[in-house]
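Enquirer:
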Amino acid sequence: MLSRSKHNRIPSVGLRVVCVVFGWESSGLKCLLMEEPKIRGASSHLPGAFVDPRKDLDRTAKEVLAKRTGLNKIFLEQLYTFGPGTKAKGSNETSLAVSYYSLVCLSQATTPRKGSGYWAPVSELSNLAAEERPILNKAMERLKGKVRYQPIGFELLPSKFTLSQLQNLYETVLERSLDKRNFRKKILAMDLIQPLSEFQREVAHRAARLYRFDEGRYENLRKQGFHFEI
13 MLSRSKHNRI PSVGLRVVCV VFGWESSGLK CLLMEEPKIR GASSHLPGAF
63 VDPRKDLDRT AKEVLAKRTG LNKIFLEQLY TFGPGTKAKG SNETSLAVSY
113 YSLVCLSQAT TPRKGSGYWA PVSELSNLAA EERPILNKAM ERLKGKVRYQ
163 PIGFELLPSK FTLSQLQNLY ETVLERSLDK RNFRKKILAM DLIQPLSEFQ
213 REVAHRAARL YRFDEGRYEN LRKQGFHFEI
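Each residue of the sequence shown is one higher than the last, beginning at 13 in this note's numbering.
In structure tokens form, the structure reads like this:
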């Protein structure tokens with residue numbers, strides 16, 4: 013009977029999902045990170061979990077997001093498959109990582125429990141584990157490309173928002189300034205956002221009108237051949 017030496021042994025490869033969860037506020041774009049509270053100075057990681065063979069990938073990703081954000085109905089899209097070659101936190105097993113990215117409204121998301129996670133500015137992620145940086149970079153690349161051609165940016169905003177907030181969001185994600193007059197003219201001409209009879213409250217400056225994204229109208233226009241573009 014033939015036996016394999018330990019040098020020829022086929023390594024065990026696990027399957028896990030890793031989620032890049034983006035949130036936004038006026039100070040900038042943020043990303044949800046998980047930390048190891050017992051180890052000072054340890055790297056932070058993106059939310060993730062090993063896949064139960066009885067569940068599919070999307071279901072596992074949704075469960076991870078629900079647990080970490082407190083939200084069930086949020087934007088989620090499969091991103092890319094990485095590995096094998098990386099090891100999950102707390103495991104010696106080499107794993108294949110199927111990545112997702114998700115967009116949430118920070119004002120609706122549950123604040124992570126102390127010691128389990130935190131929202132960090134995307135511009136300040138020096139503590140993110142090195143092996144997960146390619147995943148974050150891929151997610152940023154996808155977000156920048158897609159936000160211009162699909163109205164996914166509204167997923168990051170509260171249900172009621174101002175035109176200034178909307179422009180600030182796009183400038184943050186695209187990392188460039190947009191002409192205020194042209195931006196407003198273009199977004200209003202699409203007729204996808206409804207002006208409300210409500211205005212901002214408790215602001216030092218003149219209160220701005222609030223708007224709401226009309227998802228139903230967008231879907232109807234899309235079926236007729238409408239192309240969203242910023």
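For each residue, glycine too, the CB sits at the ideal point set by N, CA and C.
1) On the DSSP bridge assignment, give the partners of S114 in chain order.
2) Are at least three pairs of beta-carbons, each pair with one atom in the region 182-197 and one in the region 228-241, less than 8 Å apart?
3) In chain order, what residues of the same chain have a beta carbon less than 8 Å from the beta carbon of A219, not counting five sequence neighbours either side?
4) Does the structure place the region 155-172 close enough to the region 220-235 that three or more beta carbon pairs sit under 8 Å?
5) Using only alpha-carbon positions, find the residue among V215, A121, R196 that is nearest to C43.
6) Which residues in the same chain as R28 place their Cβ atom closer than 7 Å to its Cβ, once the five residues preceding and following it in sequence are excluded?
7) In its own chain, which residues sit with a C-beta less than 8 Å from the C-beta of N180, not counting the 5 before and 5 after it?
8) Looking only at its chain, what residues have a beta carbon closer than 6 Å to the beta carbon of V30, apart from the 5 residues adjacent to it on each side?
9) What does DSSP give as the partner residues of H217 in its beta bridges?
10) Taking only three categories from DSSP, how would you classify I242?
11) Rounding to the nearest angstrom, what Cα-Cα distance links A73 and M202 in this structure?
12) Tell whether a beta-carbon distance below 8 Å holds between V32 and A132.
13) Go ahead and pull the three-state DSSP assignment for P124.
14) Thinking C-beta only, is V134 closer than 8 Å to I86?
15) Using a 10 Å radius around the Cβ and a threshold of 16 neighbouring Cβ atoms, would you call G129 buried or exposed?
16) Is E187 near the ligand ZN, going by C-beta to nearest heavy atom under 7 Å?
17) With DSSP collapsed to three states, give me the class of R16.
Expert: According to the structure data:
1) V33, L88
2) no
3) F211, Q212, R213
4) yes
5) A121
6) G60, A61, F62, V63, A100, S107, A109.
7) S38
8) Taken in chain order, the residues that qualify are L58, G60, A109, S111, I147.
9) DSSP, once it has assigned bridges, lists no residue as partnering H217.
10) coil
11) 33 Å
12) With respect to A132, V32 sits apart: the two C-beta atoms are not nearer than 8 Å.
13) In this structure, P124 counts as coil in the three-state DSSP scheme.
14) no
15) With 16 or more other Cβ atoms from the protein chains shown falling within 10 Å of its own Cβ, G129 counts as buried.
16) No copy of the ligand ZN appears in this structure; indeed no ligand is present at all.
17) In this prediction, R16 scores a pLDDT of 49, lower than 50, which makes its location untrustworthy; the coordinate-derived value is nonetheless stated afterwards. Coil, per DSSP.
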